[in-house]
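Engineer: Okay, so the sequence shown: first residue is 405 according to my numbering, each after it adds one. All C-beta atoms in this analysis are idealised placements derived from N, C-alpha and C, irrespective of residue type, glycine included. For reference, the structure I am asking about is given below.
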Amino acid sequence: MWELKDHKFGGLPGVHPRGEARFIDPVEVQFVSVRNELHAENWMLRRFDPETLRLEVPQSAHTAVIGGTAYQERFSLIVDRRDGTRFADVVVARPISDVRQHALRAVAAEHGLQACVRSREMVRANGVHIANVSMMRQRMTLYAKIPCEIEQQDVVRSLVREPMTRIELMEVLRNSKGLQYVEQMDCLIFRAYLAKLIDFDIQVPYGPRTVLQAL
Numbered sequence: 405m406w407e408l409k410d411h412k413f414g415g416l417p418g419v420h421p422r423g424e425a426r427f428i429d430p431v432e433v434q435f436v437s438v439r440n441e442l443h444a445e446n447w448m449l450r451r452f453d454p455e456t457l458r459l460e461v462p463q464s465a466h467t468a469v470i471g472g473t474a475y476q477e478r479f480s481l482i483v484d485r486r487d488g489t490r491f492a493d494v495v496v497a498r499p500i501s502d503v504r505q506h507a508l509r510a511v512a513a514e515h516g517l518q519a520c521v522r523s524r525e526m527v528r529a530n531g532v533h534i535a536n537v538s539m540m541r542q543r544m545t546l547y548a549k550i551p552c553e554i555e556q557q558d559v560v561r562s563l564v565r566e567p568m569t570r571i572e573l574m575e576v577l578r579n580s581k582g583l584q585y586v587e588q589m590d591c592l593i594f595r596a597y598l599a600k601l602i603d604f605d606i607q608v609p610y611g612p613r614t615v616l617q618a619l
C-alpha cells in the first residue's frame with residue numbers, strides 16, 4: 405500500500421488538520437486533498453483508469469430543487485470519461501438508505517451527472533489493483549515534470565511487432581535509449597498506458613513478467 409506521509413513519492417508530510425489525505429496528482433501535476441484514505445484509494449482507481457479524462461474533487465455541495473423539495477449533496481469525486489459520460493462518485497464506508505440514494509441520483513441528474521455509490525467493499529475489492537495504481541502514482545510523481553513524449557513513443561514502437569514482458573521492454577530501452585532507472589521506464593510505460601497506446605492487465609501483480617502490448 406502507498407504511504408500518505410512518504411514525501412519522496414508524492415505524499416505530503418503529515419495530514420491535513422481535518423484528517424484529509426493529501427498527495428500529488430502526477431497527471432495534472434497538482435496537489436490533491438481528499439477526505440481520508442478510502443477516498444484516496446477511490447481517487448487512484450479512477451485516475452489510473454485509461455478511460456478517465458479528468459477528475460475534480462468538489463469543494464462545495466451540489467444543490468437542486470426537485471418537485472418543490474430542496475436537496476443538497478456533497479459528492480466525493482467528479483469523473484469525466486472519454487466516452488462523454490460524467491460520474492459523481494459518493495464514497496461511503498457504510499451502506500446508505502434508499503432515500504439517500506434517490507436524493508443522490510436526483511441531484512446528480514440535475515447537474516448532468518450519473519451518481520455512483522462507491523462502497524468500501526467496492527473500492528477495496530481487489531487489493532492488487534490498489535497496490536498497482538498506488539505504485540503508478542508514486543513512480544509517475546517522480547518524473548511528473550519531465551517531458552518524455554519521444555521516449556514514450558519508443559515504448560510504443562518497441563511493442564508494435566509483438567508483445568513483450570516488462571523486463572524485455574526495459575532491456576530494449578536500456579540498449580536503445582540508454583535509460584537506466586526502473587522507475588523512469590515504468591513512468592514511460594504508465595504514461596503510454598493512460599494514453600491508451602499500450603495495454604497490460606492492471607488487475608494482477610505488476611512485475612518483470614507482466615506482458616505489455618501495443619493497441
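Return the CA-CA distance between Pro612 and Ile571, expressed in angstroms with no decimal places.
Structural biologist: Taking the sequence shown and counting its residues from 1, one reaches residue 612 at position 208. Taking the sequence shown and counting its residues from 1, one reaches residue 571 at position 167. Looking at the two C-alpha atoms, the distance is approximately 5 Å.
Engineer: Please state whether DSSP places Gln542 in a helix, a strand or coil.
Structural biologist: Position 138 of the sequence shown, counting from 1, holds the residue named residue 542. Gln542: helix per DSSP, three-state reduction.
Engineer: Select from Asp484, Met589, Ile606 the residue whose C-alpha is nearest the C-alpha of Gln556.
Structural biologist: Residue 556 sits at position 152 when you count from the first residue of the sequence shown. It is Met589.
Engineer: Considering only C-alpha positions, which residue in the set Gln505, Leu592, Val511 is nearest to Ala522?
Structural biologist: Looking up residue 522 in the sequence shown gives position 118. In the sequence on display, residue 522 carries Arg and not Ala. Closest by alpha carbon: Gln505.
Engineer: Going by DSSP, which residues form a beta bridge with Gln381?
Structural biologist: Here the chain has residues from 405 to 619 only, and residue 381 is not among them.
Engineer: Roughly how many angstroms lie between the CA atoms of Ala425 and Glu553, to the nearest whole one?
Structural biologist: The residue you call residue 425 lines up with position 21 of the sequence shown. The residue you call residue 553 lines up with position 149 of the sequence shown. Roughly 31 Å separates the two Cα atoms.
Engineer: Is Ser580 helix, strand or coil by DSSP?
Structural biologist: As a first step, residue 580 is located in the sequence shown; it is residue number 176 there, counting from the start. Helix.
Engineer: What residues match up with His466 in a beta bridge as DSSP calls it?
Structural biologist: Mapped onto the sequence shown, residue 466 falls at position 62. Answer is Glu477, bridged to His466.
Engineer: Comparing alpha-carbon positions, which option in Thr473, Ile470, Gln518, Arg451 lies nearest Phe479?
Structural biologist: Translated into positions along the sequence shown, residue 479 becomes position 75. Closest option to Phe479, Cα to Cα, is Gln518.
Engineer: Once you ignore the five residues that flank Leu583 on each side, which residues in its own chain have a CB closer than 6 Å to its CB?
Structural biologist: Translated into positions along the sequence shown, residue 583 becomes position 179. Result list for Leu583: Leu577, Met589, in chain order.
Engineer: Would you mind stating whether Val433 and Val461 have Cβ atoms separated by less than 8 Å?
Structural biologist: Numbered from 1 along the sequence shown, position 29 holds the residue referred to as residue 433. Numbered from 1 along the sequence shown, position 57 holds the residue referred to as residue 461. No. Outside cutoff.
Engineer: Within 10 Å of its beta-carbon, does Thr489 have 16 or more other beta-carbons around it, so buried, or fewer, so exposed?
Structural biologist: Counting from one through the sequence shown, the residue named residue 489 turns up at place 85. Thr489 should be labelled exposed.
Engineer: Could you check which residue in Lys549, Met544, Ile602, Lys581 has the C-alpha nearest to that of Glu566?
Structural biologist: By one-based count along the sequence shown, residue 566 stands at place 162. The shortest Cα separation from Glu566 among Lys549, Met544, Ile602, Lys581 belongs to Ile602.
Engineer: When you compare each of Asp558, Leu592, Tyr475 to Ser580 by their alpha carbons, which one comes out closest?
Structural biologist: Counted from its first residue, the sequence shown places residue 580 at position 176. Cα-wise, what sits closest to Ser580 is Asp558.
Engineer: Measure the C-alpha to C-alpha separation of Phe604 and Val537 and round it to an integer number of angstroms.
Structural biologist: Here residue 604 corresponds to residue number 200 of the sequence shown, with the count starting at 1. Here residue 537 corresponds to residue number 133 of the sequence shown, with the count starting at 1. If you take the alpha carbons of Phe604 and Val537, they lie about 13 Å apart.
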